[in-house]
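Take a look at the structure below.
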Amino acid sequence: MLELLEAMYPLHRTLVSDGTDEALRLLGDSLPPEASWATETYPPGTPVWTWTVPERYVVHEAYLAHEGGARIVDFADHPLHLVSYSEPVDATLTFDELAPHLHTAPHRPDAIPWEQKYYERSWGFCLPQSTFDALPRDGRYRAVIRSEFVTDPERGLRVGTALVHPAGGPDPAAGEFLVCAHIDHPAQANDDLSGVVTAAEVARRLVADPLPAGAMSVRFLFCPETIGSIAYLSHHEDLIDRLRGGVFCEMTGNDNTFVLQRSRQDDEAVDRIARAVLATRGEVREGAFRDVIVNDELIINGAGIDVPCVSISRWPYPEYHTSDDTPAIITEERLAEAADVVEEIVRTAAVNYVPRRTFRGPVFLSGHGLWVDWRTHPELNAAQDKIMLKLEGDRTLLDIAEEVGLPFADVRGFVDRLREAGLVVAEPAIPRPSR
Ligand SMILES: [Zn+2]
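In terms of my numbering, the sequence shown is residues 42 to 476.
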């Protein structure tokens, strides 16, 4: 995971840029063919719901120099030196004229902050506070930005997807579970290449060890933040009704505990599953929707889409949105823990369904070879009558497991056997709308 992250890290990954495309290519190449990697391109200017797909941003050269002298900051040294989507400029300015165009991170005086002006035309440079403080106030400065906003429809906004089906192929009725991470943020690592490689690892694991037949398919969306998920979902509105839940994963590689941000529904299956998975690791930090950190779950779980989507991260971390957010703050161990957590959430959520009985009366369990021996599993033996009374098609396997106080896997195993015997039919676990 860290190796893939390090390959994508230095790239100039803005909303629509060659660096973002290259990162998507590296990511797609890292996935097995069974992950059905695909990319889609949306031409600049395309209306996507209330938004518009931005132009491709190409930077030929950008620097700030003392007039007739040495360069102070240069895009070639670090892409964060340039405010993302700065318009072209070639001007000589006094310090007072220049200062409004300069950005620093006073809380991290030696780091370059990340600034972007995606949807307004202006320009600027980012530099360490220490460099800014040393600039002569009576000096004159040359600002040069040779940038281009490309509207070629072939070179529009690009997103990447993977789709991993359960054993036996997709079950249309079961629907899909969504895992999302954003691939933009020039030369930053934890936000959110960590989430990208975490999600990609989960895709690889689901290919190597597929979900059981009848489970949801798992769709992975890798895109520039906000506009990428808006562009993708607005082009696939038919998909929205098939999505049963989602996880946004980001900032998974730094040295902090996990934090769960709940879905807008607040107590949907995915919330309870994520909480239970994190609890087994001793993690208890959580917050309500939009109260921890905002990302594409604001779209996925947003108005008119409303797919319950939690976010899993290790927020906060001090290097956020600065040049200090490098692979050096990330370890393979932390990434692997995150992949374990996300994988477990997916493996539970994707096999949740609403069981509806086809039988009358108590099932003749021993006659069907379904009786649970009290000597091998006393708790399940004690609960089997209660479980059989909860198969009215009005609750999910997860609800039943919580009500009888047994592990989800045990209840699912028991009800799956009833299903295989034709005594139960599985209906999709369609989430409630949020309020
Ligand atoms: Zn960010």
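Every residue gets a Cβ at the ideal spot worked out from N, C-alpha and C, and that includes glycine.
Inset, instruction - Use the C-beta contact count for isoleucine 314: other C-beta atoms within 10 angstroms, 16 or more gives buried, fewer gives exposed. - result: buried
Inset, instruction - Give a yes or no on whether the C-beta atoms belonging to phenylalanine 116 and histidine 122 are separated by under 9 Å. - result: yes
Inset, instruction - On a CA-only basis, which of Phe330, Ala48, Gly402 and Val124 is nearest arginine 162? Give me that one, please. - result: Val124
Legend entry - DSSP bridge partner residues for threonine 61 (one or two, in chain order): The partner list for threonine 61 (beta bridge, DSSP) is empty, contrary to what the question assumes.
Inset, instruction - Measure the C-alpha to C-alpha separation of histidine 223 and leucine 447 and round it to an integer number of angstroms. - result: 36 Å
Inset, instruction - Check whether the Cβ of aspartate 279 sits closer than 8 Å to any heavy atom of ligand 1, and report yes or no. - result: no
Inset, instruction - Taking only heavy atoms of ligand 1 into account, decide whether any of them is closer than 8 Å to the Cβ of histidine 409. - result: no
Inset, instruction - Kindly identify the DSSP beta-bridge partner or partners of isoleucine 186. - result: Ala103 and Val130
Inset, instruction - Could you name the residues of the same chain whose beta carbon sits closer than 6 Å to that of alanine 424, not counting the 5 residues immediately before and after it, in chain order? - result: Val445 and Leu447
Inset, instruction - Measure the C-alpha to C-alpha separation of threonine 363 and proline 154 and round it to an integer number of angstroms. - result: 4 Å
Inset, instruction - Look up alanine 256 in the DSSP assignment and say whether it is helix, strand or coil. - result: coil
Inset, instruction - Give the straight-line distance between the Cα atoms of proline 253 and valine 383, rounded to the nearest whole angstrom. - result: 17 Å
Legend entry - Candidates Pro396, Gln306, Asp337 and Ala467: closest to glycine 236 by CA position: Asp337
Legend entry - Nearest-angstrom Cα separation, counted from tyrosine 159 out to arginine 178: 30 Å
Legend entry - Buried or exposed (CB count within 10 angstroms, at least 16 for buried), alanine 103: buried
Inset, instruction - For tyrosine 361, verify whether its CB is less than 8 Å away from any heavy atom of ligand 1. - result: yes
Inset, instruction - Using 8 Å as the cut-off, classify the Cβ of aspartate 53 as near or not near the heavy atoms of ligand 1, replying yes or no. - result: It is histidine, not aspartate, that sits at residue 53 in the sequence shown. No.
Inset, instruction - List the endpoints of the continuous beta strand (DSSP E) containing threonine 399. - result: Looking at the DSSP string, threonine 399 is not in any beta strand (DSSP E), and its letter there is neither H nor E.
Inset, instruction - Helix, strand or coil for glycine 286, going by three-state DSSP, please let me know. - result: strand
Inset, instruction - Return the CA-CA distance between glutamate 385 and arginine 355, expressed in angstroms with no decimal places. - result: 17 Å
Inset, instruction - From the DSSP output, in three-state form, read off glutamine 157 for me. - result: strand
Legend entry - Proximity test, aspartate 151 beta-carbon vs ligand 1 heavy atom, cut-off 8 Å: no
Legend entry - Best match in Val318, Phe330 and Leu247 for proximity to serine 304 [C-alpha to C-alpha]: Phe330
Inset, instruction - Quick one: using the 10 Å Cβ neighbour count with 16 as the cut-off for buried, is tryptophan 78 buried or exposed? - result: buried
Inset, instruction - Using only the heavy atoms of ligand 1, determine whether one of them is closer than 8 Å to the beta carbon of glutamate 63. - result: no
Legend entry - Backbone secondary structure at leucine 198 - three-state DSSP: strand
Legend entry - Three-way DSSP call (helix, strand, coil) for threonine 239 in this model: helix
Inset, instruction - In the DSSP assignment, find the unbroken alpha helix (DSSP H) run with phenylalanine 218 in it and report its ends. - result: Segment 217 to 223 is the beta strand (DSSP E) holding phenylalanine 218; no alpha helix (DSSP H) there.
Inset, instruction - Write down every uninterrupted run of the beta strand (DSSP E) in the stretch 340 to 419 whose length is 3 residues or greater and which is fully enclosed by it, in chain order. - result: 350 to 354 and 394 to 398
Inset, instruction - Could you tell me the distance, in whole angstroms, from the CA atom of proline 169 to the CA atom of arginine 183? - result: 18 Å
Inset, instruction - Using 10 angstroms around the beta-carbon of arginine 416, count the other beta-carbons present and answer buried if the total reaches 16, otherwise exposed. - result: exposed
Inset, instruction - Run the proximity test for histidine 226: is its beta-carbon closer than 8 Å to any non-hydrogen atom belonging to ligand 1? - result: yes
Legend entry - Coarse secondary structure for glycine 109, derived from DSSP in three states: coil
Legend entry - Beta-bridge pairing of threonine 82 - partner residues as DSSP gives them: Arg199
Inset, instruction - Consult DSSP for alanine 117 and reduce its assignment to one of helix, strand or coil. - result: coil
Inset, instruction - Have a look at Glu217, Asp282, Val205 and Ala230 and flag the residue whose alpha-carbon is nearest the alpha-carbon of arginine 245. - result: Val205
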